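Down below is the structure, laid out as structure tokens.
Residue numbers (our numbering): 1 to 490.
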């Protein structure tokens, strides 16, 4: 009982269901006769609002709205501009009940209503709509309107329309040929694929259309591997060959793909060759495993960069490591940077050691690349190795380790860095200060301030006071500001 009362309450609150009132629509439509552009614009807004309100969920059924709109369209007093916007609305809200009326407009002489009726019919999913559009295509003589009808049949995905559209593929009118190509690509399926294949082999096919026919075949076949492979092997268009290659590499992983990649590696088209390199490395193509290191020497620079960007996928990892290490002696910094980043992804001990040395490079771009690589390197012994270096006696190694802990954001080394600051090695001390600026916490700042206060050497006290002030500015809390106050000169 409670449920029934609740439903009744919701129904009352929602308001009564109202059908679209033809007289209300005509009243708004009459304003389109006004010569004022502002009045006509307001009429468009009001017309849209009136129909939207009537078609909102729970307000009216679509069939009733359709019949009302047809009734309004048949009124002799309706301004044609208003009729245009009503037809546009019908393309959104009309049901199959409108097909007969719209078909009459489609076959009529009013060019304005004819175009709007076509677009409305293409939106109504009903066999009668398809039949009306197909019939109009057979009778129409205007090329632009024929092209529009083909597009409407394509929107309807009408495979039954393929025999009507196919002859235009090899006709003399390039506008209609292009329209037919686009339509069959949208329709897709076996009949469309067969029609496009026939057009490709037809003696009347224009050379300028061949690439477009091939592109349409790729789409219409939904990437069917057999069709796509045929296009890849026969096309003269670099763009089509690339599209076919991408489609095949995304769908196929058998022996035929391996053979195709081998062929593509020799392509003069750099885009195809680069994609083949990527997929070949990912799939551990046997020819790349055996000869990639040697082939790199003869490759164009762009090809080498592609290899380095993807070499971490190659197996065994030792081979990937060997290839990346071999490019560390390249003359161009661009290639050395790519090798460093590759080693960062490879993450072996040898890769870590080489990247760590690059952290100390004076060339900023190399240094930054090494920092990026060491920061993200998945090398389990990285932290332990850096700690050992920090605790060691070799000054150069200590400096490298200090730089590296900042890049890797290792926070448990700050106590060691603080001790380095007050140590005897000035170069290590300066590097430790730079690192602590980025990594020091408020607890570290307390220790540093205490060491600055206790320092007997004036130069060391000043250095400690300077780094404390910089760290306090970065931390920017009241406690940090209070800690450094006593360190400021009187």
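Glycine included, C-beta positions come from ideal geometry on N, C-alpha and C.
Source: prediction; values computed, not measured.
Practice task
Could you check which residue in 393, 380 and 307 has the C-alpha nearest to that of residue 347?
Solution key: 380
Practice task
Take residue 184 and list the residues in its own chain whose beta-carbon comes closer than 8 Å to its own, dropping the five residues that flank it on each side.
Solution key: 154, 162, 165, 166, 169, 192, 195, 196, 216 and 220
Handout entry: Range covered by the alpha helix (DSSP H) that runs through residue 398
Key = 395-407
Exercise for the section: Could you give the DSSP three-state label for residue 304: helix, strand or coil? Expected result: helix
Practice task
Find out if the Cβ-Cβ distance for the pair residue 143, residue 173 is shorter than 8 Å.
Solution key: yes
Practice task
Please determine, among 333, 326, 88 and 297, the residue with the shortest C-alpha to C-alpha distance to residue 350.
Solution key: 326
Handout entry: Per-residue DSSP class, three states only, for residue 112
Key = helix
Exercise for the section: Report yes if the CB atom of residue 311 is closer than 8 Å to the CB atom of residue 281, and no otherwise. Expected result: yes
Handout entry: Close-in-space but distant-in-sequence residues of the same chain around residue 299 (CB under 8 Å, 5 per side omitted)
Key = 307
Handout entry: Three-way DSSP call (helix, strand, coil) for residue 455 in this model
Key = coil
Handout entry: For residue 124 and residue 158, the rounded distance between their alpha carbons
Key = 13 Å
Practice task
Could you pull the start and end residues of the alpha helix (DSSP H) that residue 433 belongs to?
Solution key: 426-439
Exercise for the section: For the segment 137-216, list the alpha helix (DSSP H) runs that are entirely contained and at least 4 residues long, ordered along the chain. Expected result: 143-155, 162-165, 174-187 and 189-201
Problem - Which of helix, strand or coil DSSP assigns to residue 388 - result: helix
Problem - Backbone CA spacing between residue 328 and residue 342 [nearest angstrom] - result: 10 Å
Problem - Nearest-angstrom Cα separation, counted from residue 56 out to residue 7 - result: The predicted position of residue 7 is uncertain, since its pLDDT is 36 and thus under 50; a value taken from the coordinates is nonetheless stated next. Taking the straight line joining both Cα atoms gives about 19 Å.
Handout entry: Assigned exposure category for residue 73 - 16 Cβ within 10 Å defines buried
Key = buried
Practice task
Compare the beta carbon distance of residue 471 and residue 445 with 8 Å and say whether it is the shorter of the two.
Solution key: yes
Practice task
Measure the CB-CB distance between residue 261 and residue 276 and report whether it falls below 8 Å.
Solution key: yes
Problem - Cβ contact check for the segment 43-50 and the segment 94-107: 3 or more pairs under 8 Å - result: no
Practice task
Verify whether the separation of the beta carbon atoms of residue 425 and residue 395 is less than 8 Å.
Solution key: yes
Exercise for the section: Leaving aside the five residues before and after residue 2 along the sequence, list all residues of the same chain whose C-beta is less than 7 Å from its C-beta, in chain order. Expected result: Interpretation of residue 2 is limited by its pLDDT of 44, a score under 50 that renders its predicted location unreliable; no figure is taken from the coordinates.
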